[in-house]
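Peer 1: The opening position of the sequence shown corresponds to residue 1367 in the numbering used here, with each subsequent residue numbered one higher.
Virtual Cβ for every residue (Gly too), placed ideally from N, Cα, C.
It should be emphasised that the depicted structure is a prediction, and the values quoted were computed from it without experimental measurement.
Okay, handing you the structure first.
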Amino acid sequence: MRMRKKPNLVPRMEACGQYWIKEPERLKGKWRSLKPDAVRLRLELGCGKGRFTAETAAQHPEDLYVAVERAADAMVVAMERCRALGLTNVFFIDGDAAELDHCFANDEVDLLYINFCDPWPSVKHSRRRLTHEGFLRSYRKVLREGGEIRFKTDNRALFEWSLFQFPKAGYELSQVTRDLHANGVQGVMTDYEEKFYRLGTPINRCVGTKVKLPDVPVEESLNRALDGLECVWDELPPLPEQTGRYGRALKLSLLENGMERAGLELVEDCPRERTLWVGAFTVEPEARRTGLDVRLAQALARAAAAGGFHAVRLSCPEGENGDHAFWLEQGYGDLPSRQGQEDGQVMMELRV
Ligand SMILES: C[S@@+](CC[C@H](N)C(=O)[O-])C[C@H]1O[C@@H](n2cnc3c(N)ncnc32)[C@H](O)[C@@H]1O
């Protein structure tokens, strides 16, 4: 949505200071401190000028409502609407829906609204649609099990396409309608919705409920992600001291034109359940130059998540260059050092 830059935008935003959360990362896991008696936390992505936001928050004073909007000149109108109504249960983030997990903890959100998101009609931009499988999977992190995504759009093509995205990302569909207001206006309308309704455009709506995704074996996900390379897997016998303590030990050799380019050793449920331990990660220097190390690390993180693991863990030499810097760039963080840890090594973990 393109909007003219409103004059005096910053002073207007400052005047709505009680609604504007400038450092949302600081509230990660603590949003309910803004309304300790909140029954549910509702989140809206791309609230625009906020008619739906203000009216829904007003209708549900028992719930806490957070709206995310990346266009500040639209968000300011939404905040002014809430101020005019004297609402105390609604807050705004001027940010990107792609970064929800920086601001919300796992399972913190009960209900998520996507209303009339930009359709990005060109196929090459489909990943930008807020209902793309990739986005829907990212919302899973912050949405509790059984939590809902309520989606409305005037765009029939986007709607039909989205109906395929929801199940792939682990949502069960219900309340699917292609003419929400066929028998009179249903629920609170958004600004865009009202415009399309007046024009006689049918409004599409569905609800996606987060359900548990079946775990996919890590080999299967990695084989798929590393398409174009030959993946050779071996299941390693557990070391005597590991027998019965950990899950499967797997070795992957990645071949290109018959030449080994990279290798990976993994132990499942090590050192504790739902953690995937990386015992070895080797990539040939030439293959590193083509980015295979990053591709493999990213595929590993996705495979771990799809496999039902909560974290990937490894140990590497500490230092500003080399492996340590590489894993930091991939989003891994240092764990506090432990007794028995080898000198000069640092234990790192990525939550997935
Ligand atoms: C077509 S408008 C719809 C506004 C409102 N939901 C309505 O129905 O009236 C889409 C809104 O989503 C916002 N938006 C698009 N992508 C976004 C993203 N990744 N993060 C946050 N807001 C986004 C746009 O700035 C725009 O205000």
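Helix, strand or coil, according to DSSP, for Cys1448 in the structure here?
Peer 2: helix
Peer 1: For Asp1581, count neighbouring Cβ atoms within 10 angstroms of its own Cβ and tell me buried if that reaches 16, exposed if not.
Peer 2: Result: exposed.
Peer 1: Leaving aside the five residues before and after Arg1503 along the sequence, list all residues of the same chain whose C-beta is less than 6 Å from its C-beta, in chain order.
Peer 2: Ala1535
Peer 1: Can you give the beta carbon distance from Leu1588 to Ala1691, rounded, assuming they're within the 8 Å contact cut?
Peer 2: That belief does not hold up - the Cβ atoms of Leu1588 and Ala1691 are roughly 24 Å apart, past 8 Å.
Peer 1: Hey, quick one: how far does the alpha helix (DSSP H) through Ala1672 stretch, first residue to last?
Peer 2: Leu1658 to Ala1672
Peer 1: For Arg1503, list the residues DSSP reports as bridge partners.
Peer 2: Paired residues: none, contrary to the question.
Peer 1: In the DSSP assignment, the alpha helix (DSSP H) including Thr1422 goes from what residue to what residue?
Peer 2: From DSSP, the alpha helix (DSSP H) with Thr1422 extends over Arg1417 to Gln1425.
Peer 1: Going by CA-CA distance only, name the one from Ala1440, Thr1519 and Ser1619 that's closest to Glu1559.
Peer 2: Thr1519
Peer 1: In the DSSP assignment, find the beta strand (DSSP E) that holds Gly1572 and state where it starts and stops.
Peer 2: Residue 1572 is actually Cys in this sequence, not Gly. Element bounds for Cys1572: Asn1570 to Lys1576.
Peer 1: Can you give the Cα-Cα distance for Gly1699 and Gly1685, rounded to whole angstroms?
Peer 2: 13 Å
Peer 1: Over the uninterrupted beta strand (DSSP E) stretch that includes Met1555, give me the two end residues.
Peer 2: First-last for Met1555: undefined, no H or E at that position.
Peer 1: As a quick exercise: from Arg1447, Leu1632, Asp1557 and His1498, pick the residue whose alpha carbon is nearest that of Ile1341.
Peer 2: Nothing about residue 1341 can be read from this structure; the chain reaches only from 1367 to 1718.
Peer 1: Looking at Glu1317: is its Cβ nearer than 8 Å to the Cβ of Thr1575?
Peer 2: Residue numbering for the chain in the displayed model covers 1367 to 1718; residue 1317 lies beyond these limits and cannot be assessed.
Peer 1: Can you tell me where the beta strand (DSSP E) with Asn1481 in it begins and where it stops?
Peer 2: Val1475 to Asn1481
Peer 1: Buried or exposed for Gln1552, please, with buried defined as at least 16 other CB atoms from any protein chain shown within 10 angstroms of its CB.
Peer 2: exposed
Peer 1: Does the region 1397-1408 come within contact of the region 1418-1437, defined as at least 3 CB pairs closer than 8 Å?
Peer 2: yes
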